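Chains as they are written, first to last, in this note's numbering: chain S, 325 to 556; chain C, 325 to 556.
Yeah, the Cβ is synthetic: ideal placement off N, Cα and C, and Gly gets one too.
Treat the numbers as computed from the prediction; the structure is a model and nothing was measured.
Below is one structure, written out as structure tokens; comments come after it.
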DNA sequence: ATTATTAATTGTCAAAACGACAATTAATAA
DNA sequence: TTATTAATTGTCGTTTTGACAATTAATAAT
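Structure below.
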């Protein structure tokens, strides 16, 4: 019978695909890898799972260490475990995708954190299977965002409908009718209209909204239908 | 800088939650654990990830070994990696859920495979965090099945609408209106009506249907809306 | 001061989907 | 021939959807 002692042991790592939104385009946060092999090549932010932490813990620790941010939206994606994915030694990696408010990160930015934002469509080639991870994460983000109100995680506390609109178009790489989008997003009952207006970028100005946190957290599992002609 | 050699190494396993349907109720397939600790206790079917296989490979191998079945519907769920989840040695486990036609398995059944079906709602207590895994798998099955036509995987090639209807009710633990269900499921265009009828269980008999494999595989990613009042 | 311009906001309407509800049909058993 | 049972098909008002256009609030130009 199989015994524990006979079984091979592996390294286990986490890798995070960190998405942000600059108001126009979807971006991801990359770092220069600090260890061999492939040192100084661009890579996802990741690290090994320590002895006293779960993979979720490890992902949060890595994010904290590399961006200074805590409590970010983090979701387990899938495990990457092809035997030869790491040339040095067998390493299985748990992929996570994270959504952060790009401005929060920029506020934290200093020399301790040598991460850099790249346009999702204009990013350097990454090491190992990280390119595949990014592709998978993007697909999963699109899937999830079509059903659940998670894209708010990439916007500031105060945001406008047009901002949200562009974000949805970016994530889904498609045009969405302004009027129908507006109707749909407000009909969720998740938005609270503020008195203040955002006057940058237009003469008329667009009203700020904030998220109704109570409803948001109460209904974070609800199936919405946020995309027209919903297909994946 | 962190080096590979300094990092701890762990065992990596897979565990499969195997769902089946006996025509009335949802069931899961359990095995008696063959190694210490907790030997002879009921557990999910699982095994360690070998040196030359991916976790997906391992899950398929385990399923083949314990049921004799190949090519079953298998989907990665999530990783279970709390440091102390295995009392002997740190082991991370990748959870999978599988959908199989219960009759196919019964056909294969012999002494080599000492697995046993249990009603999902009347199952023995399982080892480690396997109870949590079952709960998670059930939730995920419900989620996925509400959007994608995967429950067919638990039915024979020929099946009737009433069979499908009961299966949907079982998975979602709710009553579904027969007429609306029928309309919805046929409007997907995924079903092909056969001339033959199933005469067991009713006087009138119910027409057999089969899956339109072409459309099924072409549209396996399509978002359907298979549950009324869809919530999670 | 009036007008042009720009982007945000609100509005219309026909088609489709939905959900609640009941009648009909095809078989067997009495 | 009739009663019984379960499968199948049907109705209808409401809501949601998606395609499309008009109005409004501000600033810039004349």
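Excluding sequence positions up to five away, which residues of its chain have a Cβ less than 8 Å from the Cβ of residue 478 of chain S?
343, 344, 345, 423, 424, 425, 426 and 491
Please list, in chain order, all residues of the same chain as residue 451 of chain S whose beta carbon is under 6 Å from its beta carbon, the five residues on each side excluded.
362, 365 and 367
With which residues is residue 536 of chain C paired in a DSSP beta bridge?
Answer is none; residue 536 of chain C lacks a bridge partner.
Residue 402 of chain C at chain S interface by Cβ criterion, 7 Å
yes
Beta strand (DSSP E) segment containing residue 417 of chain C, residue limits:
Taken as a continuous stretch (DSSP letters only), the beta strand (DSSP E) holding residue 417 of chain C covers 415–423.
Test: residue 474 of chain C CB closer than 7 Å to a CB of chain S
Interface flag for residue 474 of chain C against chain S is unset, since no Cβ pair is found closer than 7 Å.
Helix, strand or coil for residue 458 of chain S? Go by DSSP, reduced to three states.
helix
Assuming residue 474 of chain S is part of the alpha helix (DSSP H), what are its boundary residues?
Segment: none, residue 474 of chain S is in no alpha helix (DSSP H) and carries neither H nor E.
Going along chain C, which residues have a C-beta under 7 Å from residue 331 of chain S?
335 and 372
What would DSSP say about residue 401 of chain S, mapped onto helix, strand or coil?
strand
Taking C-beta to C-beta, are residue 495 of chain S and residue 459 of chain S nearer than 7 Å?
no
Excluding the five sequence neighbours on either side, which residues of its own chain have a C-beta within less than 7 Å of the C-beta of residue 529 of chain C, listed in chain order?
521, 522 and 523
Comparing alpha-carbon positions, which option in S:420, S:462, S:411 and S:392 lies nearest residue 430 of chain S?
S:392
Using a C-beta cutoff of 7 Å, does residue 420 of chain S count as contacting chain C?
no
Between which two residues does the alpha helix (DSSP H) containing residue 388 of chain C stretch?
For residue 388 of chain C, the uninterrupted alpha helix (DSSP H) segment begins and ends at 379–391.
So, is the C-beta of residue 325 of chain C closer than 7 Å to a C-beta in chain S?
Any reading at residue 325 of chain C must be qualified, since the residue scores a pLDDT of 45, below 50, and its modelled position is unreliable; the value itself is stated next. Yes - at least one Cβ of chain S is within 7 Å of the one on residue 325 of chain C.
Just the Cα atoms here: how many angstroms apart are residue 339 of chain C and residue 538 of chain C?
31 Å
Beta carbon of residue 359 of chain C nearer than 7 Å to that of residue 331 of chain S:
Cβ atoms of residue 359 of chain C and residue 331 of chain S: not closer than 7 Å.
With a threshold of 8 Å on Cβ separation, who are the neighbours of residue 397 of chain C within its own chain once the five nearest residues in sequence on each side are excluded?
422, 423, 424, 474 and 477
Interface flag, residue 413 of chain C vs chain S, CB-CB below 7 Å
yes
Below-7 Å beta-carbon distance, residue 406 of chain S vs any chain C residue
yes
Burial state of residue 497 of chain S (16 or more Cβ within 10 Å)
exposed
Starting from the Cα of residue 472 of chain S, find the closest Cα among S:483, S:485 and S:545 and give me that residue.
S:545
Chain-order list of residues whose beta-carbon lies under 8 Å from that of residue 540 of chain C (same chain, five-residue window excluded)
Taken in chain order, the residues that qualify are 473, 476 and 514.
For residue 399 of chain C, the nearest candidate out of C:464, C:411, C:353 and C:527 (CA to CA):
Nearest C-alpha to residue 399 of chain C: C:464.
Cβ-based burial, residue 410 of chain S [other Cβ within 10 Å; buried from 16]:
buried
Give the DSSP-derived three-state secondary structure of residue 350 of chain S in the structure shown.
strand
Through-space distance from residue 449 of chain S to residue 467 of chain C, alpha-carbon basis
So the alpha carbons of these two residues sit roughly 35 Å apart.
So the candidates are S:395, S:428, S:442 and S:386; which of them puts its Cα closest to the Cα of residue 351 of chain S?
S:442
Residues bridged to residue 495 of chain C (per DSSP):
Residue 495 of chain C is not bridged to any residue.
Nearest candidate by alpha-carbon position, reference residue 419 of chain S, set S:356, S:341 and S:517
The shortest C-alpha to C-alpha distance from residue 419 of chain S to any of S:356, S:341 and S:517 is the one to S:341.
Residues that DSSP places opposite residue 337 of chain S in a beta bridge:
S:372 and S:417
Measuring only the C-alpha atoms, how far is residue 461 of chain S from residue 369 of chain S?
14 Å
Cβ of residue 379 of chain C within 7 Å of Cβ of residue 403 of chain S?
Contact: yes.
Extent of the continuous beta strand (DSSP E) to which residue 517 of chain C belongs
515–522
Would you check if the distance between the CB atom of residue 371 of chain C and the CB atom of residue 386 of chain C is smaller than 7 Å?
It is a contact, given that the beta carbons lie within the stated cut-off.
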